[in-house]
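**Q**
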Amino acid sequence: MKNFYRKVAFGLGPDDKTPSDPLIWATNQLNDIPEFSWKGKILPEKELRNYYRDYVYGDRKVLRKKFKNNKEGYKREKNKLRHATGQKFWWNLELCIRYSEALKSETPVLAKLWYFWGNHFAISEKDFLAQYTTGAYQREIIRANMNQNFEKMAQEATIGWSMIHHLDNEQNIGPKSQEAKWAREKGKTKGVNENHARELLELHTVSPDCGYTQEDVIQMAYIMSGWRPKWGKRRLETGDVHFNPDAHEPGTKIVLGKKYKRGRKSLSVAITDLVNHPSCRKFIAMKLCRYLITDNPTQEMMEPIIKAWEKSDGFLPEVHKAAVEVAFNYSDKYNKFQNPENWLLQMSKMADVDLIPSPSFMNLYQLGNKPIKDQRALERLMDELGQHPYLAKQPNGWSDISEDWMSPELLIRRLVYAREAYYKKSGKSQTTEFYEEMIEKNYDNPSEILQIINQHKELVHKHVILFNLPETLKS
Amino acid sequence: MKISRRNFLKGSATTLFLAGFNFPVLANTNKKKNLVVIMLRGGMDGLCAVPIIGDKNFEKRRKDLILDETIKLNSDFALHPKLKNFHNLWQKNLGAVIHATNIPYTKRSHFDGQNLMETGGHIPYAVKTGWLGRGMKLAELKGDGLALALPMPLLLRGIPSNDNFYPSKKRLPRTELLKLLKSIYAEKSEHDLANMMEIIANRSMMSSGGTSMSRKNSSLAYKAGLELKKINGPKVAVFEVDGFDTHAAQGGVNGSHSDSLIEMDSIFKSLEKGLGNEIENTLVLTLTEFGRTIEQNGGRGTEHGYGSAIFMAGGLLKKSQVYTDWPGLKKKELFEGRDLNSTIDARSVYASAMSTVFDIDFKRINKEVFWGDKLVNLSDKLFKV
Numbered sequence: 000m001k002n003f004y005r006k007v008a009f010g011l012g013p014d015d016k017t018p019s020d021p022l023i024w025a026t027n028q029l030n031d032i033p034e035f036s037w038k039g040k041i042l043p044e045k046e047l048r049n050y051y052r053d054y055v056y057g058d059r060k061v062l063r064k065k066f067k068n069n070k071e072g073y074k075r076e077k078n079k080l081r082h083a084t085g086q087k088f089w090w091n092l093e094l095c096i097r098y099s100e101a102l103k104s105e106t107p108v109l110a111k112l113w114y115f116w117g118n119h120f121a122i123s124e125k126d127f128l129a130q131y132t133t134g135a136y137q138r139e140i141i142r143a144n145m146n147q148n149f150e151k152m153a154q155e156a157t158i159g160w161s162m163i164h165h166l167d168n169e170q171n172i173g174p175k176s177q178e179a180k181w182a183r184e185k186g187k188t189k190g191v192n193e194n195h196a197r198e199l200l201e202l203h204t205v206s207p208d209c210g211y212t213q214e215d216v217i218q219m220a221y222i223m224s225g226w227r228p229k230w231g232k233r234r235l236e237t238g239d240v241h242f243n244p245d246a247h248e249p250g251t252k253i254v255l256g257k258k259y260k261r262g263r264k265s266l267s268v269a270i271t272d273l274v275n276h277p278s279c280r281k282f283i284a285m286k287l288c289r290y291l292i293t294d295n296p297t298q299e300m301m302e303p304i305i306k307a308w309e310k311s312d313g314f315l316p317e318v319h320k321a322a323v324e325v326a327f328n329y330s331d332k333y334n335k336f337q338n339p340e341n342w343l344l345q346m347s348k349m350a351d352v353d354l355i356p357s358p359s360f361m362n363l364y365q366l367g368n369k370p371i372k373d374q375r376a377l378e379r380l381m382d383e384l385g386q387h388p389y390l391a392k393q394p395n396g397w398s399d400i401s402e403d404w405m406s407p408e409l410l411i412r413r414l415v416y417a418r419e420a421y422y423k424k425s426g427k428s429q430t431t432e433f434y435e436e437m438i439e440k441n442y443d444n445p446s447e448i449l450q451i452i453n454q455h456k457e458l459v460h461k462h463v464i465l466f467n468l469p470e471t472l473k474s
Numbered sequence: 000m001k002i003s004r005r006n007f008l009k010g011s012a013t014t015l016f017l018a019g020f021n022f023p024v025l026a027n028t029n030k031k032k033n034l035v036v037i038m039l040r041g042g043m044d045g046l047c048a049v050p051i052i053g054d055k056n057f058e059k060r061r062k063d064l065i066l067d068e069t070i071k072l073n074s075d076f077a078l079h080p081k082l083k084n085f086h087n088l089w090q091k092n093l094g095a096v097i098h099a100t101n102i103p104y105t106k107r108s109h110f111d112g113q114n115l116m117e118t119g120g121h122i123p124y125a126v127k128t129g130w131l132g133r134g135m136k137l138a139e140l141k142g143d144g145l146a147l148a149l150p151m152p153l154l155l156r157g158i159p160s161n162d163n164f165y166p167s168k169k170r171l172p173r174t175e176l177l178k179l180l181k182s183i184y185a186e187k188s189e190h191d192l193a194n195m196m197e198i199i200a201n202r203s204m205m206s207s208g209g210t211s212m213s214r215k216n217s218s219l220a221y222k223a224g225l226e227l228k229k230i231n232g233p234k235v236a237v238f239e240v241d242g243f244d245t246h247a248a249q250g251g252v253n254g255s256h257s258d259s260l261i262e263m264d265s266i267f268k269s270l271e272k273g274l275g276n277e278i279e280n281t282l283v284l285t286l287t288e289f290g291r292t293i294e295q296n297g298g299r300g301t302e303h304g305y306g307s308a309i310f311m312a313g314g315l316l317k318k319s320q321v322y323t324d325w326p327g328l329k330k331k332e333l334f335e336g337r338d339l340n341s342t343i344d345a346r347s348v349y350a351s352a353m354s355t356v357f358d359i360d361f362k363r364i365n366k367e368v369f370w371g372d373k374l375v376n377l378s379d380k381l382f383k384v
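Residue numbers (numbering that gives the first Met the number 0), protein chains in the order written: chain A, 0 to 474; chain B, 0 to 384.
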């Protein structure tokens with residue numbers, strides 16, 4: 000049962016009391032969205048997007064022209080531009096905000112589910128989105144909607160600037176639209192880009208299980224045509240998302256048998272229909288079980304989550320509570336292989352690792368400079384562990400399947416960074432008593448675990464073994 | 000311009016003829032054969048790497064990017080002067096090029112293109128496994144893949160238990176500790192973890208011998224070569240080279256495209272060094288998402304294009320040759336009036352390579368890895384079958 004604390008959160012830290020009722024402890028964290036625990040700077044997405052704009056414009060429109068014959072000069076000036084726009088700093092700041100929710104907040108369960116949703120509506124590696132805006136997108140569109148209906152999160156994520164740009168919807172132009180006609184007059188062809196439409200169906204809502212066809216994808220793309228960033232000479236593709244009727248495909252569209260009229264409103268209506276499709280709640284229930292419990296969820300596990308969805312009209316706090324309860328009920332039967340990020344946070348929480356730089360230290364950063372090494376530590380660490388949360392390789396995010404995290408090199412990273420982490424602990428937590436208490440609190444077989452780790456004398460070795468035991472790797 | 004559209008077929012017929020006399024067909028079935036794929040990310044400019052000789056259209060459109068002192072490969076094609084190691088292989092009949100080829104993707108997004116070069120599909124993100132992983136699955140090569148990268152590349156997905164090597168600068172824990180963990184994993188029936196820990200424990204002993212733990216591709220390739228050489232070592236290896244997206248200052252011999260080509264070239268050299276004689280039983284292929292426009296842009300770089308080239312190396316090649324069904328570079332011969340066309344589906348080359356190295360019937364690979372798409376079996380034209 001004690002693995003439940005690690006399954007739905009990151010285990011119990013030295014200052015956490017063992018809850019009298021674990022399930023209530025967990026579900027009480029899911030009603031509201033508290034302020035961020037991070038006490039340092041937090042920038043709005045819009046401001047970060049402006050830094051991204053300055054970088055893109057400066058590189059594409061200024062430097063590439065100015066240094067067309069000078070590779071070294073181009074490199075040098077581009078580096079200056081990177082620092083002038085905070086390219087190496089912002090994502091480190093975002094990681095501080097992100098990990099404070101796991102380690103320093105009263106709501107680690109909410110944090111673990113935040114990471115789930117950020118990955119569900121993933122912004123994967125593209126251009127320099129990760130360095131500037133992905134963290135802010137996950138704060139303002141994902142976390143801010145975790146006390147709303149799923150529909151609201153889906154609506155906002157779909158027309159969020161990050162998602163529209165990430166999935167190329169700015170290139171999605173109705174083939175019979177005004178813009179396509181103008182293009183034809185100039186001898187060019189413009190047409191539909193299905194990318195975003197397909198992911199909306201496949202990854203974000205109903206999943207292929209619902210049986211949509213390629214024609215449904217195209218029709219959905221027609222509905223989405225015209226949604227794109229407002230273009231400007233200076234802001235390029237970084238303007239706010241709006242609906243441009245000139246690029247919208249005229250006529251009625253049919254998706255999954257339902258008709259949609261032309262125009263701005265049709266996307267929102269279509270999303271409402273998609274999130275209310277039975278395949279959508281089934282898909283989300285399956286993914287939640289897969290994230291929290293096992294690679295291969297059973298119908299029995301998914302059922303209570305689907306019921307909670309139906310009863311509450313997809314109200315996320317209720318869906319989350321149902322998922323957490325299922326995780327609780329199955330905690331003795333199933334252990335889930337933890338991805339590198341959740342593993343790191345578990346170790347940091349339970350063993351009191353000083354993972355996150357302090358707000359005052361991060362505040363020392365000044366634009367135009369290269370951040371100092373320790374200000375960049377988190378981003379580098381996540382890269383080393385193999386799971387930078389803003390750099391998933393594809394729009395389907397990081398995998399929730401154990402096998403995808405099983406590779407020798409990835410396991411090596413857990414060994415070496417467990418060791419590194421030990422030396423980031425305060426002296427008071429570097430004692431045998433500390434470890435005995437922590438193991439007692441967080442594991443169901445404390446005496447067996449102590450017996451194993453005591454085969455090594457030095458505390459640092461005990462630490463490395465503990466955090467690479469099957470009991471820790473799988474929670 | 001001497002080259003004609005028929006050249007590819009003519010050329011390969013000659014090769015086939017020669018093969019019958021000069022190369023005794025090796026009884027390769029019981030030999031361990033290796034396949035190495037080098038992914039060139041960002042769009043490799045086939046016309047910069049293997050420029051055409053004496054084409055006025057090319058010289059006119061690329062006037063600031065034309066290379067001096069290229070290495071002549073034959074009457075029609077030359078080699079980028081920095082590709083010295085590849086040229087060395089070429090001279091030993093261990094290097095060849097397929098030109099004017101690409102995966103069937105024409106939309107010029109890196110994002111989608113790189114996904115498709117790895118999945119081998121037509122619709123970006125529709126397939127979640129890589130063509131190489133699916134091919135290995137068909138050949139039952141579980142545990143035989145090695146990625147020289149940290150996350151397992153999509154290209155290798157589709158078969159479990161691949162190894163990867165991308166060394167951390169941090170020191171591994173002592174060997175006793177690793178052995179303890181291994182025995183615990185075994186006791187608790189965590190077989191996958193136990194297998195991995197076995198690999199790691201061996202690796203830790205290996206690294207204490209003072210071998211370099213650099214992440215440079217040249218160093219990784221040497222290691223990979225040593226592993227591939229082992230009879231019970233991996234049979235498939237995958238590399239990544241970034242930086243081919245040169246919109247600006249692509250330059251000539253010392254431009255930014257050269258930097259990435261040099262990195263690729265260093266892999267050829269180190270692999271050969273690590274493999275020793277086993278280079279004879281190895282096939283190395285490159286893979287990219289698209290080529291680049293013929294026309295240089297305002298920043299003396301090039302934009303995303305279509306047709307590119309595949310570099311091939313190793314003793315499983317028939318001979319040194321540039322294989323192509325050359326489409327020409329006149330405006331009307333270009334793809335959408337701007338790019339070198341692709342006349343050979345690159346997947347035909349990859350399917351043929353897998354058929355040769357994995358000893359699996361081409362038709363089965365075509366059907367089960369590439370969904371029965373119209374691919375051409377080039378095995379006996381390109382490789383020693």
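In this text, a Cβ means the ideal position worked out from N, Cα and C, and glycines have one as well.
Listing by chain order, which chain A residues have their CB less than 8 angstroms from the CB of K169/B?
**A** By 1-based counting over the second sequence, the position of residue 169/B is 170. V415, Y416, R418 and E419, listed in chain order.
**Q** Quick one, are the C-beta atoms of M38/B and E239/B less than 9 angstroms apart?
**A** The residue labelled residue 38/B in the question sits at position 39 within the second sequence. The residue labelled residue 239/B in the question sits at position 240 within the second sequence. Result yes, Cβ atoms of M38/B and E239/B sit closer than 9 angstroms.
**Q** Is Q147/A close to chain B, meaning its C-beta is less than 9 angstroms from at least one C-beta of that chain?
**A** In the first sequence, residue 147/A corresponds to position 148, counting from 1. No - not a single Cβ of chain B is within 9 angstroms of the one on Q147/A.
**Q** Determine, for L66/B, whether the minimum Cβ-Cβ distance to residues of chain A falls below 9 angstroms.
**A** Here the question's residue 66/B lines up with position 67 in the second sequence. It does not: the Cβ of L66/B has no partner Cβ on chain A nearer than 9 angstroms.
**Q** In whole angstroms, give me the CA-to-CA distance for Y486/A and Y98/A.
**A** It is not possible to answer for residue 486/A, since the shown part of chain A is limited to 0 through 474.
**Q** Rounding to the nearest angstrom, what Cα-Cα distance links P166/B and S257/B in this structure?
**A** By 1-based counting over the second sequence, the position of residue 166/B is 167. By 1-based counting over the second sequence, the position of residue 257/B is 258. Using only the alpha carbons, I get a separation of about 26 angstroms.
**Q** Going along the chain, which residues of its own chain have a beta-carbon closer than 8 angstroms to the beta-carbon of I270/A, five neighbours each way excluded?
**A** Counted from its first residue, the first sequence places residue 270/A at position 271. Within the same chain, I270/A has close Cβ partners E150, A153, Q154, T157, L199 and T204.
**Q** For V216/A, which of helix, strand or coil comes out of DSSP?
**A** Counted from its first residue, the first sequence places residue 216/A at position 217. V216/A: helix per DSSP, three-state reduction.
**Q** Under 8 angstroms: do the region 279 to 291 of chain B and the region 107 to 124 of chain B share three or more Cβ pairs, one atom per stretch?
**A** The region 279 to 291 of chain B is in contact with the region 107 to 124 of chain B.
**Q** Apart from the five residues just before and just after F327/A, which ones in its own chain have a Cβ nearer than 6 angstroms to its Cβ?
**A** Translated into the one-based positions of the first sequence, residue 327/A becomes position 328. The answer, listed in chain order, is F3 and L22.
**Q** Return the residue from the list V348/B, I261/B and I52/B that minimises the CA-CA distance to K71/B.
**A** For this step, residue 71/B is matched to residue 72 along the second sequence. For the residues V348/B, I261/B and I52/B, the minimum Cα distance to K71/B belongs to I52/B.
**Q** Touch check for the region 118 to 134 of chain B and the region 186 to 203 of chain B: three-plus C-beta pairs under 8 angstroms?
**A** Touching, no.
**Q** Are the region 434 to 452 of chain A and the region 371 to 383 of chain A touching, with three or more C-beta to C-beta distances below 8 angstroms?
**A** Output reads no: the region 371 to 383 of chain A does not touch the region 434 to 452 of chain A.
**Q** Considering only residues of the region 87 to 127 of chain B, which uninterrupted beta strand (DSSP E) runs meet the minimum length of 3 residues and lie entirely inside it, listed in chain order?
**A** Runs of the beta strand (DSSP E) inside the region 87 to 127 of chain B: 94 to 101.
**Q** Within this structure, are the beta carbons of L284/B and F310/B separated by less than 9 angstroms?
**A** If you number the second sequence from 1, residue 284/B lands on position 285. If you number the second sequence from 1, residue 310/B lands on position 311. Going by C-beta atoms, L284/B is nearer than 9 angstroms to F310/B.
**Q** Could you tell me if H98/B is buried or exposed, where buried requires 16 or more neighbouring beta carbons within 10 angstroms of its beta carbon?
**A** The residue you call residue 98/B lines up with position 99 of the second sequence. The residue in question, H98/B, is buried, as its Cβ has 16 or more Cβ neighbours within 10 Å.
**Q** I'd like the list of long-range same chain contacts for R412/A, defined as Cβ closer than 8 angstroms, with 5 residues on each side in sequence excluded.
**A** By one-based count along the first sequence, residue 412/A stands at place 413. Contacts found: P339, E383, L384 and G385.
**Q** List the endpoints of the continuous alpha helix (DSSP H) containing E457/A.
**A** Against the first sequence, residue 457/A aligns to sequence position 458. Note, E457/A: premise wrong, no alpha helix (DSSP H); not H, not E.
**Q** Given this structure, state the Cα-to-Cα distance separating A48/B from F243/B, to the nearest angstrom.
**A** In the second sequence, counting from the first residue as 1, residue 48/B sits at position 49. In the second sequence, counting from the first residue as 1, residue 243/B sits at position 244. If you take the alpha carbons of A48/B and F243/B, they lie about 11 angstroms apart.
**Q** So E383/A contacts chain B; which residues on that side make the cut at Cβ distance below 7 angstroms?
**A** On the first sequence, residue 383/A is found 384 positions in, with the first residue counted as 1. Under the 7 angstroms cutoff, chain B gives S167.
**Q** Can you give me the C-alpha to C-alpha distance between W160/A and N168/A, rounded to a whole angstrom?
**A** Within the first sequence, numbered from 1, the residue matching residue 160/A stands at position 161. Within the first sequence, numbered from 1, the residue matching residue 168/A stands at position 169. Their Cα atoms are separated by approximately 10 angstroms.
**Q** In or out: D79/A buried (at least 16 other Cβ within 10 Å) or exposed?
**A** By 1-based counting over the first sequence, the position of residue 79/A is 80. The question names Asp, but residue 79/A is Lys in the sequence shown. K79/A is exposed by the Cβ-count criterion.
**Q** Counting only runs of 4+ residues fully inside the region 194 to 243 of chain A, write out the alpha helix (DSSP H) ranges in chain order.
**A** Here the runs fully enclosed are 194 to 198 and 213 to 223.
**Q** If contact means a Cβ-Cβ distance below 8 angstroms, which residues of the region 178 to 206 of chain B contact chain A?
**A** For the region 178 to 206 of chain B, which is checked against every Cβ of chain A, the residues closer than 8 angstroms are L179, L180, I183, Y184, K187, E189, D191, L192, M195, M196, I198, I199 and R202.
**Q** Rounding to the nearest angstrom, what Cα-Cα distance links E44/A and K281/A in this structure?
**A** Locating residue 44/A in the first sequence gives position 45, where the first residue counts as 1. Locating residue 281/A in the first sequence gives position 282, where the first residue counts as 1. Cα-Cα distance, rounded: 32 angstroms.
**Q** In terms of alpha-carbon separation, which member of G254/B, G42/B, E189/B and I65/B lies closest to E71/A?
**A** The residue labelled residue 71/A in the question sits at position 72 within the first sequence. Among G254/B, G42/B, E189/B and I65/B, the Cα nearest to that of E71/A is on G254/B.
**Q** In chain B, what lies closer than 9 angstroms to E412/A by C-beta?
**A** Translated into positions along the first sequence, residue 412/A becomes position 413. For the record, residue 412/A in the displayed sequence is Arg; it is not Glu. Chain B residues near R412/A: L149, S167 and K169.
**Q** Measuring only the C-alpha atoms, how far is N194/A from V96/B?
**A** Counting from one through the first sequence, the residue named residue 194/A turns up at place 195. Counting from one through the second sequence, the residue named residue 96/B turns up at place 97. About 33 angstroms.
**Q** Quick one, are the C-beta atoms of G134/B and F361/B less than 9 angstroms apart?
**A** To locate residue 134/B, count along the second sequence from 1; it is residue 135. To locate residue 361/B, count along the second sequence from 1; it is residue 362. No. Outside cutoff.
**Q** Compare the C-beta of G129/B with all C-beta atoms of chain A and state if any pair is closer than 9 angstroms.
**A** Here the question's residue 129/B lines up with position 130 in the second sequence. No, G129/B lies away from the interface with chain A (no Cβ there is under 9 angstroms from its Cβ).
**Q** Going by DSSP, which residues form a beta bridge with K424/A?
**A** Taking the first sequence and counting its residues from 1, one reaches residue 424/A at position 425. Its beta-bridge partners are V352/A.
**Q** Step through the CB atoms of chain B and report whether any lies within less than 9 angstroms of the CB of M285/A.
**A** Translated into the one-based positions of the first sequence, residue 285/A becomes position 286. Not an interface residue.
**Q** How long is the line joining the alpha carbons of N73/B and D344/B, rounded to whole angstroms?
**A** In the second sequence, the residue the question calls residue 73/B occupies position 74. In the second sequence, the residue the question calls residue 344/B occupies position 345. In a straight line, the C-alpha of N73/B is about 23 angstroms away from that of D344/B.
**Q** Residues in the same chain with beta-carbon distance under 7 angstroms from S206/A, minus the five sequence neighbours each way, listed in chain order, please.
**A** For the purposes of this step, residue 206/A is identified with residue 207 of the first sequence, where counting begins at 1. Around S206/A: S278 and F282.
**Q** Suppose the cutoff is 7 angstroms on Cβ atoms and the five residues either side in sequence are ignored; what does the same chain contact list for G275/B look like?
**A** Stepping through the second sequence from its first residue, residue 275/B is reached at position 276. K228.
**Q** Need the endpoints of the alpha helix (DSSP H) that S224/B sits in, please.
**A** Residue mapping note: residue 224/B aligns to position 225 of the second sequence, counting from 1. As written in the sequence, residue 224/B is Gly, which differs from the Ser given in the question. G224/B -> alpha helix (DSSP H) spans N216 to K228.
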